[in-house]
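Peer 1:
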Amino acid sequence: TPAELTWKSGIDVVSFGATKNGCLGVEAVVFFNPEMAWEFELRRKRGGHLLSKHRMLSAQMQGYLKDGLWIDLARKANSECQKLLSKIEKNPNIKIIHPPEANLIFATIPTKLHDKLISNGARYNHWSSQMSPLDVPENETKIRLACSWCTTELEINKLLELFNY
1 TPAELTWKSG IDVVSFGATK NGCLGVEAVV FFNPEMAWEF ELRRKRGGHL
51 LSKHRMLSAQ MQGYLKDGLW IDLARKANSE CQKLLSKIEK NPNIKIIHPP
101 EANLIFATIP TKLHDKLISN GARYNHWSSQ MSPLDVPENE TKIRLACSWC
151 TTELEINKLL ELFNY
């Protein structure tokens with residue numbers, strides 16, 4: 001349970017990010033040890049993270065947590081990732097680096113294919129063999145494909161068309 005993973009196991013603080021799952025600039029810091037919260041409040045102010053319209057962020061978080069919306073959004077992102085994975089792993093030009101655990105796919109592709117994808121409008125993170133900590137061959141590029149709560153079947157199909165020439 002979340003309780004067993006956090007305060008019951010001795011965790012004092014948890015960062016709960018919402019920005020990458022549908023909110024606009026919303027992150028929460030949850031303190032299980034109230035003594036630590038006051039110092040954090042001072043650090044937050046000192047760091048310039050005191051927004052005058054903070055209620056706009058709080059309203060997002062309230063809606064995000066209501067009725068499990070945050071879980072629904074994460075499930076949608078993970079589901080779209082699995083749909084994409086099930087199709088691209090059949091392509092011999094794409095090597096999955098490790099099985100996805102959430103909404104991200106890390107793979108290597110031939111650099112020529114990467115160049116074609118980029119020139120045709122595909123957008124994703126990529127690392128050349130010089131930039132990657134992995135041992136990536138000179139003629140391959142490491143890529144990160146991310147699905148989100150708003151990824152559509154049409155977007156996946158467009159990317160698949162590019163992958164398959």
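Going by the working numbering, the first residue of the sequence shown is number 1, and it counts up by one from there.
No residue lacks a Cβ here, since even glycine has one placed at the ideal position from N, Cα and C.
As the structure is a computational prediction, the values presented were derived from the model and not from experiment.
Would you check whether the ligand NAP has a heavy atom nearer than 7 Å to the C-beta of residue 162?
Peer 2: As far as ligands go, the structure on display features none, and thus does not contain the ligand NAP.
Peer 1: Would you mind stating whether residue 74 and residue 21 have Cβ atoms separated by less than 8 Å?
Peer 2: yes
Peer 1: For the pair the region 100-117 and the region 50-64, tell me if three or more CB-CB distances fall below 8 Å.
Peer 2: no
Peer 1: Since residue 32 and residue 7 should fall inside the 8 Å C-beta cutoff, what is the C-beta to C-beta distance between them, to a whole number of angstroms?
Peer 2: 4 Å
Peer 1: Within the region 72-131, note down every full alpha helix (DSSP H) run reaching 4 residues or more, in order along the chain.
Peer 2: DSSP runs (the alpha helix (DSSP H)) wholly in the region 72-131: 111-119.
Peer 1: Are the CB atoms of residue 164 and residue 91 within a distance shorter than 8 Å?
Peer 2: yes
Peer 1: Which value, in whole angstroms, describes the spacing of the CA atoms of residue 69 and residue 23?
Peer 2: In this structure, the CA atom of residue 69 is about 11 Å from the CA atom of residue 23.
Peer 1: To the nearest angstrom, how far is it from the Cα of residue 84 to the Cα of residue 154?
Peer 2: 11 Å
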